[in-house]
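1 is the number of the first residue of the sequence shown in full-length UniProt numbering; add one for each residue after it.
Glycine residues also receive a C-beta, built at the ideal position from the N, C-alpha and C atoms.
Note that the coordinates shown come from a computational prediction; the quantities given were computed from them, not determined experimentally.
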Amino acid sequence: MGEIIVDYKGVGLSRDGNSILQDLNLQISEGDFVYLIGKVGSGKSTFLKSLYCEVLIDDGGTAYILDYCLNDIKRNQIPFLRRKIGIVFQDFQLLIDRSAEKNLEFVLKATGWDSQDAIDNRIREVLTQVGMQNKGYKMPHELSGGEQQRIVIARALLNSPALILADEPTGNLDPETGTQIVKLLHEISEKGTTVIMSTHNYAIVQKFHGRIIKCDDGSMKEVMISSHS
């Protein structure tokens, strides 16, 4: 069991003045692979956004992530927290006017990398890690959905994050491609990076082992899913 990197005790989360989740008690450790399940609107995305301070936590309770206390995090600390978190979106959010490699270069330069040699080396490393080492020159529209999602995962890995958040990463992919993407995320987790993945895909949850946290009726609880459910 690795070090605890997410520790929520008695935490509430609201959006637009509406309470979404109440009394969250959750600990997630280094190297955990966590599935977030639950119907649309049950709070999965709200919880993920709270981890990188896009949704603020309510008064009461305590929330720590990667040694930052979210109860009183300063605005100027948030970019440093976010650098330790890689985010994989369902809809890719790649810049369509530049190649895959240039998408990655843009992120590195935006997060303070200035040596072109170091940038080129890091881009090569992450493209190789996601099996896209021969596709970096291609524009996003020249890549399949699965290939674009691999580039998005490469982008999430650039700054060697302690935590990857994947919000419905297979939502726009066919089942076979989705399975490959989750397999890749599991390989990343096995090397020590914590992965939290929201999903509606119970077949994937059954295929690849992980902790399962269900959002339902304003709460989050760890559950087991039987093979026939």
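Original post:
Would you call the segment 40-57 and the segment 16-29 touching, i.e. three or more CB-CB distances under 8 Å?
Top reply: At 8 Å Cβ cutoff, the stretches touch.
Subject >> Three-way DSSP call (helix, strand, coil) for Asn25 in this model >> reply: Residue state for Asn25 is assigned as strand, using DSSP reduced to three classes.
Subject >> Alpha-carbon spacing of Thr179 relative to Ala110, whole angstroms >> reply: Their backbone Cα atoms lie some 31 Å apart in a straight line.
Subject >> Same chain, Cβ closer than 8 Å to Gln27, five either side skipped, listed in chain order >> reply: The beta carbon of Gln27 lies closer than 8 Å to those of Ile4, Val6, Asp7 and Tyr8 in the same chain, with the five residues before and after it left out.
Original post:
Do you know how far the Cα of Ile85 is from the Cα of Trp113?
Top reply: Distance between the alpha carbons of Trp113 and Ile85: 17 Å.
**OP:** Look up Gly12 in the DSSP assignment and say whether it is helix, strand or coil.
**Re:** Reduced to three states, the DSSP call for Gly12 is strand.
Original post:
Beta carbon of Thr194, beta carbon of Asp67: below 7 Å?
Top reply: Remark: C-beta atoms of Thr194 and Asp67 do not approach each other more closely than 7 Å.
**OP:** Measuring alpha carbon to alpha carbon, tell me which of Pro169, Leu173, Ala162 and Ser198 ends up nearest Lys191.
**Re:** Between Lys191 and the set Pro169, Leu173, Ala162 and Ser198, the nearest pair of CA atoms involves Ala162.
Original post:
Do the segment 147-161 and the segment 87-95 touch if we need at least three Cβ pairs shorter than 8 Å?
Top reply: Contact between the segment 147-161 and the segment 87-95 is present: three or more C-beta pairs spanning the two stretches fall below 8 Å.
Subject >> Completely contained beta strand (DSSP E) runs for the segment 50-113, where each covers 3 or more residues >> reply: For the segment 50-113, whole beta strand (DSSP E) runs of length 3 or above, ordered along the chain, are 62-65 and 85-88.
Original post:
For the alpha helix (DSSP H) that Ala118 lies in, which residues bound it at each end?
Top reply: Counting along the chain, the alpha helix (DSSP H) containing Ala118 begins and ends at Gln116 to Gln129.
Original post:
Since Leu165 is in the beta strand (DSSP E), which residue starts that stretch and which ends it?
Top reply: It spans Leu163 to Asp167 - the beta strand (DSSP E) in which Leu165 sits, taken as one unbroken run.
Original post:
Can you name, in chain order, every residue of its own chain whose Cβ lies under 7 Å from the Cβ of Arg82, other than the five neighbours on each side?
Top reply: Around Arg82, the same chain offers Tyr52 as residues with beta carbons nearer than 7 Å, after the five sequence neighbours per side are excluded.
Original post:
Around the C-beta of Pro79, are 16 or more other C-beta atoms found within 10 angstroms, so that it is buried, or is it exposed?
Top reply: Here Pro79 is exposed, its C-beta having fewer than 16 other C-beta atoms within 10 Å.
Subject >> Contact check, Gly131 vs Ala100, beta carbons under 7 Å >> reply: Cβ distance not < 7 Å, so Gly131 and Ala100 don't count as in contact.
Subject >> the segment 201-209 contacting the segment 118-133, beta-carbon criterion three pairs below 8 Å >> reply: They do not touch, by the three-pair rule.
**OP:** For my contact list, Phe47 and Leu13 are in at a C-beta cut-off of 8 Å; report their separation, rounded to the angstrom.
**Re:** The pair is a contact, with the Cβ atoms about 7 Å apart (cut-off 8 Å).
**OP:** Pull up the distance between the alpha-carbon of Leu24 and that of Ala63, whole angstroms please.
**Re:** So the two alpha carbons sit approximately 9 Å from each other.
**OP:** Kindly give me the distance between the Cβ atoms of Pro169 and Ile188, rounded to whole angstroms, as I take these residues to be in contact under 8 Å.
**Re:** About 12 Å; that fails the 8 Å criterion.
Original post:
Is Leu165 near the ligand FMN, in the sense that its beta carbon is under 6 Å from a heavy atom of that ligand?
Top reply: Annotation note on the ligand FMN: not contained in the displayed structure, which lists no ligands.
Original post:
Which of the three DSSP states, helix, strand or coil, is assigned to Tyr202?
Top reply: In this structure, Tyr202 counts as helix in the three-state DSSP scheme.
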